[in-house]
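Take a look at the structure below.
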Amino acid sequence: MSGYNVRKLKEKLFLFLIGALTVLMFFPLFHIIYSVFKNGIHVILNRGATFITGTLSDGGIGPAIIGTFILVFLASLIGLPVAFLVGIYAYEYPESTLGKATKSLLQIMLEFPTILVGVFVMQILVVPMGTYSALAGALALAIIMMPYVAVYTHEAMRQIPFAYREAAFSLGLTRVKAVFRVLVPMAKRGILTGVLIGIAKVAGETAPLLFTVGGSYQTYQIGITKPVGAIPLLIYTLIQSPAKEYHEMAWGASLILLLIFLGIFIPVRLSLREVKL
Amino acid sequence: MRKLLDLGLKQIEKLLQEMGSTVLECIDSLENILEGGSDSIEDKSSKLHILRDELVEIATELLIRYQPMASDLRYIQASIDVSYDLYRISRYAMEIEGTLKITGASCEFEKSKQALRIVREMIELALRAFLERDEVSTGRLLELDKKVDELYITSIEELKEDLDICKAVEALILRHLERMSDHAKYIGGSAIYVMEGRRI
Amino acid sequence: MIELVLETKDLKVYYGKNMVIKDVNLKVPKNVVFALMGPSGCGKSTMLRTFNRLLELNSEARVEGEVRIFGRNIYAPDVDPIEVRREVGMVFQYPNPFPHLTIYDNVAIGLKLNRLVRSKEELDKRVKWALKKAALWDEVKDRLDDYPSNLSGGQRQRLVIARTLAMKPKILLMDEPTANIDPVGTKKIEELLFELKKEYTIILVTHSPAQAARVSDYVAFLYLGELIEVGPTKRVFENPEHELTEQYVTGALG
Chain A
1 MSGYNVRKLK
11 EKLFLFLIGA
21 LTVLMFFPLF
31 HIIYSVFKNG
41 IHVILNRGAT
51 FITGTLSDGG
61 IGPAIIGTFI
71 LVFLASLIGL
81 PVAFLVGIYA
91 YEYPESTLGK
101 ATKSLLQIML
111 EFPTILVGVF
121 VMQILVVPMG
131 TYSALAGALA
141 LAIIMMPYVA
151 VYTHEAMRQI
161 PFAYREAAFS
171 LGLTRVKAVF
181 RVLVPMAKRG
191 ILTGVLIGIA
201 KVAGETAPLL
211 FTVGGSYQTY
221 QIGITKPVGA
231 IPLLIYTLIQ
241 SPAKEYHEMA
251 WGASLILLLI
261 FLGIFIPVRL
271 SLREVKL
Chain B
278 MRKLLDLGLK
288 QIEKLLQEMG
298 STVLECIDSL
308 ENILEGGSDS
318 IEDKSSKLHI
328 LRDELVEIAT
338 ELLIRYQPMA
348 SDLRYIQASI
358 DVSYDLYRIS
368 RYAMEIEGTL
378 KITGASCEFE
388 KSKQALRIVR
398 EMIELALRAF
408 LERDEVSTGR
418 LLELDKKVDE
428 LYITSIEELK
438 EDLDICKAVE
448 ALILRHLERM
458 SDHAKYIGGS
468 AIYVMEGRRI
Chain C
478 MIELVLETKD
488 LKVYYGKNMV
498 IKDVNLKVPK
508 NVVFALMGPS
518 GCGKSTMLRT
528 FNRLLELNSE
538 ARVEGEVRIF
548 GRNIYAPDVD
558 PIEVRREVGM
568 VFQYPNPFPH
578 LTIYDNVAIG
588 LKLNRLVRSK
598 EELDKRVKWA
608 LKKAALWDEV
618 KDRLDDYPSN
628 LSGGQRQRLV
638 IARTLAMKPK
648 ILLMDEPTAN
658 IDPVGTKKIE
668 ELLFELKKEY
678 TIILVTHSPA
688 QAARVSDYVA
698 FLYLGELIEV
708 GPTKRVFENP
718 EHELTEQYVT
728 GALG
């Protein structure tokens, strides 16, 4: 065989190998989605609306769903304003020591072990309060959500062409007005993306909730200083029990969680294809 | 920007019209002087000098600002030439006046009067050809120029015979009139350049 | 004594250690179009941005010397750059109307956020006035709530001009305003300058000596940060005093 043909063959082999490895890498993702759907769909279909609205004794995961929404809502309330302002600060003052530190610190926070966040909040909130609470869970989730929102905000602002910054300032606007009334609205798509990604992430977090929320699945209690449930935490609890019925519920809950996650994530990703500035 | 260029071109046209009528006044004065009267052409010639400078200033500014093309460019270039021709005509008229004054000659000057009439007609034709873009006149200008040339040559030939002061002075006058008719012819040529883009 | 609208005294600009504007002394009279011309990268845009202190958006730039507007040094320590920018409007090289605002809002935003008008009617009037002054009203009067993305390049630039004029500045700075616009749009904007200079003083940076020759009353030639020559346009282009100027206007310089 000529040298050229040998090389062609090697190339084809290599490409095949890479293709196979790629498929292999994404295999678990598709398998998870597939098995969650397969195992979860008939649980939901069998139990119908009760599954979504009923309490644990009724065989439903209603309190967990409400709990997840409460936690995400509170976490957003706490985390979004702070993260947004931090992102803006890093954009406006990139040269300051705090500004430079912010960027590195945000990177660390993004990757920080979430269970440690839970432990931290347990120490400062759960122990002094003497009870698990939605507040504690929300705080933990907020700490995890904030770096996402801050980084996305910062990036979205950085992507605004300098020409618009010049235009805003050339009109004699103060810094506050130029940034918040002209530039931020321009970046709103990017910022919103960050917010939604943050929400999607924390809606499915389990470790930070382990020592903070306590879990509440028999009743619908709404109170920020009281324990609350959450879907991922419920799945964790249900799987550990020996009852087969609980395992089935776990599959059903998993499907609900997956649907919530994809329901946020897919539209966000799709909308990014639209034309921006 | 077209508007401003047009404004400039109009200014040039106005200046040429004024120069033209001033030149014709010079011719009137010359006629008067040849009949024995007295007149002053020098002031008119100075005025023409000033008008020409003004025209050249405007023309230069138009060239700087607007990079004119085609007929605009030809018009501007030609107007600079025509303003020179008109000025020279007045200078020659002034020379004739000077010659007559200095020599103090008092003669019939028939040939001169005849040539002067032709020169007047030529100037009027040339101005019309340029300012009104009238083509027909330019042919006639060549004819009339020939006539003036003939008169001039004749006056020189007559010097071979008996030389008297009138003949000598007339020859000098006709020399200047011949130059005046040439300049009038050049104005006609400029008119052709503007209208047809060719130089003759 | 000609009234001077803007004057620089030994103006220097540094980018880090680099001196990019070297001791420039300029005098700009009232109600003229004053052109700054020179090869690219010679500092014209930088210098323009010292006139409204917009250079401060660049953290590496340092300004020394004085820029006097109506006799007052705008770099004095007690001068608020925000005030300066309300008196001096700017139009940029790339038409930059805010894309997320309607045509109406683009013109109105400076007025609204600076609280320069007291009622909606006054705002409407001012917006209409500004668009008329920028020769854009007739083209957009039926679609004020449309977005700038639906306008041509030349129209967008006139929208930017309207946005600036709405603030009623005394001086208009224009940084190569027609560099990215088609010839027809360029012609419209150049014609607009003749109208605008009756009421405003316009300082125009241009990359094209031909444009400076067409529209300006005075022209300054900048080369590598130095002011080489300045004077009435006709004189500078007919008979430049400096060798470099001659090379530049005859196309012998880059």
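Protein sequence lines, in the order shown, are assigned to chains A, B and C. If you're matching positions, the first sequence starts at 1 in my numbering and goes up one per residue. If you're matching positions, the second sequence starts at 278 in my numbering and goes up one per residue. If you're matching positions, the third sequence starts at 478 in my numbering and goes up one per residue. Glycine included, each C-beta is placed from N, C-alpha and C at the ideal position. Here the structure is a predicted model, which means the values were calculated and not measured.
Neighbours of glutamate 338 of chain B in chain C, taken as residues whose beta carbon is under 7 Å from its own, are Lys711 in chain order. By the neighbour-count criterion, in which a residue is buried when 16 or more other Cβ atoms sit within 10 angstroms of its Cβ, threonine 225 of chain A is exposed. Distance from arginine 368 of chain B to serine 322 of chain B at the Cβ level is roughly 6 Å; contact confirmed, criterion being Cβ atoms closer than 8 Å. Here methionine 122 of chain A is near threonine 212 of chain A, since their CB atoms are less than 8 Å apart. Taking lysine 504 of chain C as the centre and dropping the five residues before and after it, the same chain places the C-beta of Leu481, Glu484 closer than 6 Å to its C-beta, in chain order. Under the 10 Å beta carbon count, alanine 140 of chain A is surrounded by 16 or more other beta carbons and is classified as buried. Under the three-state reduction of DSSP output, glycine 87 of chain A falls in the helix class. Taking 8 Å as the upper bound on Cβ-Cβ separation, chain B lies near residues Lys664 of the region 631–664 of chain C. For isoleucine 559 of chain C, the chain A residues whose Cβ falls inside 8 Å of its Cβ are Gly172, Leu173, Thr174, in order along the chain. Nearest C-alpha to alanine 448 of chain B among B:Ile373, B:Ile353, B:Val396: B:Ile373.
In chain order, Ala690, Thr710, Lys711, Phe714, Glu715 make up the part of chain C whose C-beta sits under 8 Å from the C-beta of isoleucine 341 of chain B. In this chain, alanine 656 of chain C is not harboured by any alpha helix (DSSP H), its DSSP state being neither H nor E. Contact check for leucine 488 of chain C against isoleucine 498 of chain C passes: the beta carbons are separated by less than 8 Å.
Distance between isoleucine 705 of chain C and histidine 719 of chain C, taken at the CA atoms: about 7 Å.
Contact note: valine 184 of chain A does not reach chain C at a C-beta cutoff of 7 Å; the least C-beta distance is about 10 Å. In terms of Cβ geometry, methionine 157 of chain A and tyrosine 91 of chain A form a close pair [threshold 8 Å].
With contacts defined by Cβ atoms closer than 8 Å, tyrosine 695 of chain C and proline 717 of chain C do not form a contacting pair.
The continuous alpha helix (DSSP H) containing valine 202 of chain A extends over residues 188–203. In this structure, the beta-carbon distance from isoleucine 78 of chain A to alanine 138 of chain A falls below 8 Å. The beta carbon of asparagine 591 of chain C falls within 8 Å of a beta carbon belonging to chain A, placing the residue at that interface.
The beta carbon of arginine 351 of chain B sits closer than 7 Å to those of Tyr470, Val471, Gly474, all from its chain and outside the five residues before and after it, given in chain order. Taking a Cβ-Cβ threshold of 7 Å, the residues of chain A close to leucine 531 of chain C are Glu166, Phe169, Ser170, in chain order.
When the five nearest sequence neighbours on each side are left out, the beta carbons in the same chain lying within less than 8 Å of the beta carbon of valine 119 of chain A are those of Phe211, in order along the chain.
A residue is called buried when at least 16 other Cβ atoms come within 10 angstroms of its Cβ; methionine 296 of chain B meets this threshold and is buried. The DSSP-derived three-state label of phenylalanine 511 of chain C is strand. Taking the beta carbon of histidine 577 of chain C as reference, the chain A residues within 7 Å of it are Pro185, Met186, listed in sequence order. DSSP places aspartate 362 of chain B in the uninterrupted alpha helix (DSSP H) bounded by 347–380. Cα atoms of threonine 53 of chain A and isoleucine 222 of chain A: separation of roughly 15 Å, rounded to the nearest angstrom.
Its chain contains Tyr700, Ile705 as the residues whose beta carbon lies nearer than 6 Å to that of leucine 721 of chain C, once the 5 sequence neighbours on both sides are disregarded; these appear in chain order. Counting only Cβ-Cβ distances below 7 Å, alanine 163 of chain A has contacts in chain C at Phe569, Tyr571, Asn573, in chain order. Serine 522 of chain C is outside the set of residues whose beta carbon lies under 8 Å from a beta carbon in chain A.
In terms of beta-carbon proximity, methionine 296 of chain B stays away from the interface with chain C, with every pair separated by 8 Å or more.
Any Cβ of chain B closer than 8 Å to the Cβ of alanine 697 of chain C would place that residue at the interface, and such an atom is absent. Taking a Cβ-Cβ cut-off of 7 Å, the neighbours of arginine 181 of chain A in chain C comprise Leu590, given in sequence order. Taking C-beta atoms under 8 Å as the contact rule, arginine 691 of chain C and glutamate 668 of chain C fail to qualify, at a distance of about 10 Å. Within the region 495–517 of chain C, no residue has its Cβ closer than 9 Å to any Cβ of chain B.
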